[in-house]
Amino acid sequence: MESYVLIVLCVAAFGAGFVDAIVGGGGLIQTPIGLVMLSNLPVASVIGTLKIPSFSGTFFAAIQYLKTIKMDWKLLSIMMVVAVISAFLGSTVLTYVSNDFMKPVLLVVLSLLVIYTYVKKNFGLHVDKSHSVSQQIFYGAAISFFIGFYDGFIGPGTGSFLVLAFVTILGYDFLQASANAKMVNLATNFGSICLFVIKGKIIWMIAIPMAVCNAIGGFIGAKLAINKGNTFIRIFFLIVVIGTLVRFAYDVFLKK
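Per our numbering, the sequence shown starts with residue 153, numbered consecutively.
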């Protein structure tokens, strides 16, 4: 592999870590570039390798959030355990079937999401918790299972979907949602990594330098999100979701 390829991948990893730390969706940067620059490798090896920098960036971003945001550790622990299992299952299913049939559905969902977030100006800016403890656990586990499976099976936009779910279902504001999303996303990445390690799909000489760059981006992105607050995250959320929408639109309508 030529040195410039690794440099491009590391720059992409930094950008992905930065974006992902704020509101998720770093895979929109890292995954397409990885697939292009490593086109001579099997797709499963590329995706498995990219899970390592995704994990490292999410880990260091999560540390920054934990220093500032108060977490419900009982609920979060349950969500993370469910997320590990469901992501492992999603990655396992991916080794047997194509995920292309899901993209038109996601295209519609994301279009509605962009419209709703833009029109509803106070979306994600206030905390409104009205659930009992048992309801929170049920909803949290359901969110982690479905989005965890999605991350293992498809991937792009997982962090954004987690943020959306925490805001709309659990009533978190954007800052709380981003903090919790990092922890659950950490678990989904770990679940997928377990599967790819077992399958021997990770190329460590590429994964490790990318992981360092992703971690630096994640650290900086999390610091910025914490300092700027909910309004900034809402704007960034819209940008990233629109980017995800464009990506899926390309896959559905233009990609041969």
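Backbone N, C-alpha and C fix where the C-beta goes; we use that ideal spot for every residue, glycine too.
Bounds of the alpha helix (DSSP H) holding Gly200 are 195-220. Leu376 and Val393 have their C-alpha atoms roughly 19 Å apart. Take the alpha-carbon of Phe301 and the one of Trp356: they are about 24 Å apart. For Phe405, there is no enclosing alpha helix (DSSP H), since its DSSP letter is neither H nor E. According to the DSSP assignment, Leu314 belongs to the alpha helix (DSSP H) that extends over 310-320. In the DSSP assignment, Val249 falls outside any alpha helix (DSSP H) and carries neither an H nor an E. Counting other Cβ atoms within 10 Å of its Cβ, Leu264 stays below 16 and is therefore classed as exposed. Boundaries for Met223: no alpha helix (DSSP H) harbours it, and the DSSP string shows neither H nor E there.
For Asn192, the secondary structure class from DSSP, reduced to helix, strand or coil, is coil. Look at Ser330 here: in three-state DSSP terms it is helix.
The residue from Val188, Gly395, Val249 with its alpha-carbon nearest to that of Thr310 is Gly395. Sequence-distant Cβ neighbours of Gly186 in its own chain, meaning closer than 6 Å and more than five residues away, are Val198, Leu202.
If you draw a straight line from the Cα of Val160 to the Cα of Ser282, it is about 46 Å long. Using a Cβ distance threshold of 7 Å, Ala293 and Val315 do not count as a contacting pair.
Its chain contains Ile289, Gly292, Ala293 as the residues whose beta carbon lies nearer than 7 Å to that of Ile230, once the 5 sequence neighbours on both sides are disregarded; these appear in chain order. The continuous alpha helix (DSSP H) containing Lys380 extends over residues 356-380. Taken through DSSP and simplified to helix, strand or coil, Asp325 comes out as coil. If you draw a straight line from the Cα of Pro256 to the Cα of Phe405, it is about 9 Å long. The beta carbons of Ala173 and Ala235 sit no closer together than 7 Å. Note on Ser191: under 16 other CB atoms within 10 angstroms of its CB, so exposed under the neighbour-count rule.
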